[in-house]
Structure formats: structure tokens, C-alpha cells
Amino acid sequence: SQKIEQNSEALNIQEGKTATLTCNYTNYSPAYLQWYRQDPGRGPVFLLLIRENEKEKRKERLKVTFDTTLKQSLFHITASQPADSATYLCALDMNTGFQKLVFGTGTRLLVSP
Amino acid sequence: DTAVSQTPKYLVTQMGNDKSIKCEQNLGHDTMYWYKQDSKKFLKIMFSYNNKELIINETVPNRFSPKSPDKAHLNLHINSLELGDSAVYFCASSQAQGNTEAFFGQGTRLTVV
Chain A
1 SQKIEQNSEA LNIQEGKTAT LTCNYTNYSP AYLQWYRQDP GRGPVFLLLI RENEKEKRKE
61 RLKVTFDTTL KQSLFHITAS QPADSATYLC ALDMNTGFQK LVFGTGTRLL VSP
Chain B
114 DTAVSQTPKY LVTQMGNDKS IKCEQNLGHD TMYWYKQDSK KFLKIMFSYN NKELIINETV
174 PNRFSPKSPD KAHLNLHINS LELGDSAVYF CASSQAQGNT EAFFGQGTRL TVV
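Those protein sequences? They're chains A and B, same order as listed. If you count by the numbering used here, then the first sequence holds residues 1 to 113, one letter each, in order. If you count by the numbering used here, then the second sequence holds residues 114 to 226, one letter each, in order.
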């Protein structure tokens with residue numbers, strides 16, 4: 001069966017450390033993978049997109065890797081801040097002509113001062 | 114200016130009623146979506162419209178009927194509401210078909226009692 005798995009439990013880290021979130025998928029062949037941030041009571045907000053032929057993408061303190069052999073994406077936040085506390089969602093796009101994002105269940109990140 | 118706006122933000126209604134949620138985007142995007150986020154925070158696509166035409170229907174019960182009067186608007190009408198319809202419904206839009214970020218509205222929390 002098809003699955004997208006993210007850490008189901010909250011990830012607690014201290015301010016200043018690097019947070020690493022994982023997204024593992026089974027029986028999908030995504031052409032693109034996206035990461036979104038969701039705050040309580042708000043809609044998801046786009047962070048980064050990485051293509052299947054890209055190994056790594058960076059944006060400021062964020063870094064995403066995409067390993068199509070391992071079927072895994074890692075999302076890193078360096079020098080984390082309490083304001084980074086939120087739920088982070090990965091989403092796969094199979095590139096079937098029309099965008100159809102398939103989301104993981106999300107990982108809640110808590111950054112303590 | 115809000116890019117993707119939905120109304121209402123909260124909706125409480127009784128079983129069996131019919132209700133509508135409205136969505137508008139001012140980004141000039143061709144593609145709009147409805148997603149449902151259940152109590153476990155799992156976000157799943159329901160419908161996708163491109164230039165007012167339905168392109169994705171994810172086996173949603175036919176009590177749910179989306180309508181797109183123009184490419185900037187996508188409304189969701191739900192007939193004969195059931196308890197299981199309680200969820201947060203998100204409208205989203207994107208520039209093109211695939212390979213682009215999606216912009217989400219703030220969500221409509223529907224509670225069926």
C-alpha cells in the first residue's frame with residue numbers, strides 16, 4: 001500500500017540546535033517533493049520544493065534532501081528558534097500532468113528557549 | 114491583501130443541513146483545490162479545478178459539489194451533512210499544473226452536530 005510517513009511524535013529541541021525531520025514514502029514515484037509549515041488554526045505555507053533529480057536544496061536556514069533510492073526526504077532547520085515551532089508537512093507530487101499533492105501526516109516541532 | 118480567502122472561518126450546523134464554503138484567490142492562478150484535514154491533521158485532496166474545469170475528483174461522496182464560476186473562485190457545497198464531515202476544509206491555488214507551490218487559505222472549520 002502507499003504510505004507517506006513522518007515522525008508521528010513531536011520533536012523537541014533546544015534553541016540554536018539543528019532540527020532534522022524525516023519523510024519516508026512507500027510505493028510512490030514522486031517527481032517533486034514539497035515541504036510546508038502549518039501553524040495552529042492556519043493553512044499550510046510553502047517552504048521548499050525539490051525535484052527528483054536534485055539531491056539538495058537550500059533556502060536561508062532551511063535545507064532539504066531528496067533520496068529517491070531510499071525513498072526519503074530530510075528537512076533541516078539550522079540555528080533553530082522558538083518561532084520555528086510549528087507542524088511541518090511533506091507532500092509528494094507525482095507529476096501526472098496536473099498537480100496532486102499527497103501529504104504526510106506532519107511532524108510537530110517544538111523549539112524551546 | 115489576502116491571497117486565498119475562504120468564508121466562513123467557522124461553521125457549526127446540524128446533521129442533514131446543506132451548507133456552502135466560498136473561496137477566492139487574487140493571485141491570477143489557473144488551478145484551485147479543495148483539501149480536507151481531519152481530526153488527526155491528515156490533509157487530503159478532494160477536488161482540483163483548472164480554468165473552471167474539474168480535473169481531479171478524489172472519490173468524494175456526491176453530497177460534495179464544487180462549483181467554479183470563474184478561475185478566481187471555487188466554492189464547495191455540501192448536501193445532507195453528516196457527523197463525519199466535521200473537519201477543516203482548505204482551499205488552495207497554484208500557478209500551473211504541477212511543479213509549483215500551492216497557496217492555502219486559512220481554512221474553514223466545519224462542525225456537524
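Think of the CB as a built atom: it goes at the ideal place given N, C-alpha and C, for glycine as much as any other residue.
DSSP on residue i, reduced to helix/strand/coil?
i, result
"P30 of chain A", "coil"
"V117 of chain B", "strand"
"V125 of chain B", "strand"
"K100 of chain A", "coil"
"Q6 of chain A", "strand"
Taking the continuous beta strand (DSSP E) assigned at residue i, which residues delimit it?
i, result
"K149 of chain B", "T144 to Q150"
"S112 of chain A", "T107 to S112"
"V225 of chain B", "T221 to V225"
Comparing the C-beta of residue i with each C-beta of chain A, is any distance below 7 Å?
i, result
"I169 of chain B", "yes"
"F177 of chain B", "no"
"I134 of chain B", "no"
"Q208 of chain B", "no"
"F227 of chain B", "Residue 227 of chain B cannot be examined here, being either before or after the span of chain B that is shown, 114 to 226."
"K165 of chain B", "no"
"Q127 of chain B", "no"
"L156 of chain B", "yes"
"G220 of chain B", "yes"
"E61 of chain B", "Examination of residue 61 of chain B is not possible in this model, given that chain B is present from 114 through 226 alone."
Might you give, ordered along the chain, the residues of its own chain that have their beta carbon closer than 6 Å to the beta carbon of residue i, omitting 5 neighbours on each side?
i, result
"I50 of chain A", "L33, K57, V64 and F66"
"N27 of chain A", "Q2"
"L156 of chain B", "Y148 and Q150"
"E52 of chain A", "A31 and T68"
Spatial neighbours of residue i within its chain, please: CB distance less than 8 Å, with the 5 preceding and 5 following residues excluded, ordered by chain position.
i, result
"L110 of chain A", "A10, L11, N12, I13 and S85"
"S133 of chain B", "N188, L189, H190 and I191"
"L101 of chain A", "Q34, A91, L92 and D93"
Comparing the C-beta of residue i with each C-beta of chain B, is any distance below 7 Å?
i, result
"R42 of chain A", "yes"
"T107 of chain A", "no"
"F98 of chain A", "yes"
"F46 of chain A", "yes"
"Y88 of chain A", "no"
Notebook entry, point to check: Which parts of the segment 8 to 86 of chain A are runs of the beta strand (DSSP E), unbroken and 3 residues or longer, counting only runs that do not cross its ends?
Noted result: Taken in chain order, the unbroken stretches of beta strand (DSSP E) that lie wholly in the segment 8 to 86 of chain A and span 3 residues or more are 11 to 14, 19 to 26, 32 to 38, 45 to 51, 56 to 59, 62 to 67 and 72 to 77.
Item checked: Ordered list of beta strand (DSSP E) runs contained in the segment 131 to 214 of chain B, each at least 3 residues -> Runs found: 132 to 138, 144 to 150, 156 to 163, 166 to 170, 177 to 183, 186 to 191 and 200 to 207.
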